[in-house]
Amino acid sequence: MLDEFIRYIEREQRFSPLTVRNYRKDIERFIEWAGFSWEDFHPEAITRDRVREWIVWRTEQGHISSASMNREVSTLRTLFRWLLSTGRTKCDIMKAIPSLRTKKRLPAFVPESRMGQILANEREEDEASKGSDDEFEEHRNSLIILLLYSLGLRLAELTGIDRDDLVDDCRLLKVRGKGDKERMVPVMEVTRKKIREYLTLIERQKICNSDEKALILTRKGKRISRSTVYRIVRQELTRGGVQGKKSPHVLRHTFATHLLNGGADMREIQELLGHASLKATEVYTHNSIARLKEIYNKAHPREKGGE
């Protein structure tokens, strides 16, 4: 039964492999706590009170945050909706289970001045590496930073790019987002130039001499892994003096925040990011409001001690 549910979210819901793994792990943890195994799970034996006990146990004994608990609750909601729709249970017990309150956190982003300096440093290092053993890695790593920042890509979207996803002489990029939904993202000239230089480099160094279609490659010509990209981004942002969180998603947040600060329309940003709803995009307005408050506090005469 549960294997059938996993196939459902893989094939019909088209969840990403990472989401599917997380769902399976959440369910395995829950049914083991409830006294079942993967093969002999009986949904009719689960009550609302039992789920509430589970939430208390996970938050107190597991010491997980409200946000993490809500993700696990969401997994069970999806499971029990499916169980009800397939006739395996007569009642969706999760309807009466509310989400826990969470603290609203503003997305971390890199200030424009800092981001500009990081990109300038990347260009200098690219030039300095020409003809050296590090030329490929330097150019590839700087392209990763530029793609994440200038296109607002998710980590999985970046690693999933194939070279033939570049359309109209690199003016557009076909991106496969969550749920395998596709969107077309415009590529600015500075990024197009960087992509062309990188493609010339991997051809010259014969790095991609196989049937591999990926754009971002390892030295051996294979598609780069997510963990390697994460490590590269953390390394490059650290070198650039970024404080706090340093991840590919920080660059995606930076892309959206800078667009909004520059006057871009919220709907346009939503489309570029591939958000299913405007609500997911609206979080960036809080970053802009926070920035306005910071400017006000620094610039207003009363804040500077004036009358």
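Mapping of the sequence shown onto my numbering: residues 999 to 1305, in sequence order. Even for Gly, the Cβ is constructed at its ideal location relative to N, Cα and C. Quantities reported herein were computed from a predicted structural model and do not represent experimental measurements.
Task: Any 3 or more C-beta pairs closer than 8 angstroms across the region 1194-1210 and the region 1109-1116 - done: no
- [ ] Following the continuous alpha helix (DSSP H) through T1153, name the residue where it begins and the one where it ends.
- [x] In the sequence shown, counting from the first residue as 1, residue 1153 sits at position 155. The sequence as given places Leu at residue 1153; Thr does not occur at that position. First-last of the alpha helix (DSSP H) with L1153: 1153-1157.
Task: heavy atom of the ligand FAD below 7 angstroms from R1202 C-beta - done: The ligand FAD is absent from the structure shown, which contains no ligands of any kind.
Task: For M1092, the three-state DSSP class (helix, strand or coil) - done: Counting from 1 along the sequence shown, the entry for residue 1092 is found at position 94. Of the three classes helix, strand and coil, the one that applies to M1092 here is helix, per DSSP.
Task: Straight-line Cα distance separating L1146 from E1187 - done: For the purposes of this step, residue 1187 is taken as the residue at position 189 of the sequence shown. For the purposes of this step, residue 1146 is taken as the residue at position 148 of the sequence shown. Going from the Cα of E1187 to the Cα of L1146 covers about 15 angstroms.
Open item on the list: So if DSSP puts P1184 in a beta bridge, which residue, or which two residues, is it bridged to?
Closed with: For the purposes of this step, residue 1184 is taken as residue 186 along the sequence shown, with counting starting at 1. P1184 pairs with L1170.
Task: I1230 versus T1216, T1252, L1270, residue with shortest Cα-Cα distance - done: Here the question's residue 1230 lines up with position 232 in the sequence shown. Ranking the options by Cα distance to I1230, first place goes to T1216.
Open item on the list: On the DSSP letters alone, give me the boundaries of the alpha helix (DSSP H) that T1017 sits inside.
Closed with: Translated into positions along the sequence shown, residue 1017 becomes position 19. Segment 1015-1031, the alpha helix (DSSP H) holding T1017.
Task: Member of L1199, V1165, I1142, P1015 whose CA lies at the smallest distance from the CA of F1134 - done: The count along the sequence shown starts at 1 and reaches residue 1134 at position 136. When only C-alpha atoms are compared, the closest one is L1199.
Task: Residue(s) in a DSSP beta bridge with R1250 - done: Position 252 of the sequence shown holds residue 1250. For R1250, which the question treats as bridged, DSSP gives no partner whatsoever.
Open item on the list: So for R1050, helix, strand or coil by DSSP?
Closed with: Here the question's residue 1050 lines up with position 52 in the sequence shown. Here R1050 sits in helix by DSSP.
Task: Euclidean distance between Cα positions of I1025 and L1000 - done: Position 27 of the sequence shown, counted from the start, is the residue given in the question as residue 1025. Position 2 of the sequence shown, counted from the start, is the residue given in the question as residue 1000. Roughly 9 angstroms between the two C-alpha positions.
Task: Where A1065 falls, given that 16 or more other Cβ within 10 Å makes a residue buried - done: On the sequence shown, position 67 is the one that residue 1065 refers to. Exposed: under 16 other Cβ atoms inside 10 Å.
Open item on the list: Using DSSP's beta-bridge definition, name the partner residues of A1212.
Closed with: Working through the sequence shown from its first residue, we reach residue 1212 at position 214. According to DSSP, which records beta bridges pairwise, A1212 is partnered with D1160.
Task: Reduced DSSP category for R1221 - H, G, I as helix; E, B as strand; rest coil - done: Position 223 of the sequence shown holds residue 1221. Here R1221 sits in strand by DSSP.
Open item on the list: Suppose you measure from the CA of H1251 to the CA of G1085; what does that come to, to the nearest Å?
Closed with: The sequence position of residue 1251 within the sequence shown is 253, counting from 1. The sequence position of residue 1085 within the sequence shown is 87, counting from 1. If I take the Cα positions, the gap works out to 42 angstroms.
Open item on the list: Comparing C-alpha positions only, which one of G1177, I1029, P1184, R1079 sits nearest to A1094?
Closed with: For the purposes of this step, residue 1094 is identified with residue 96 of the sequence shown, where counting begins at 1. The residue with the shortest Cα to Cα distance from A1094 is R1079.
Task: L1098 classed as buried or exposed, judged by whether at least 16 other C-beta atoms fall within 10 angstroms - done: For this step, residue 1098 is matched to residue 100 along the sequence shown. By the 10 Å Cβ count, L1098 comes out exposed.
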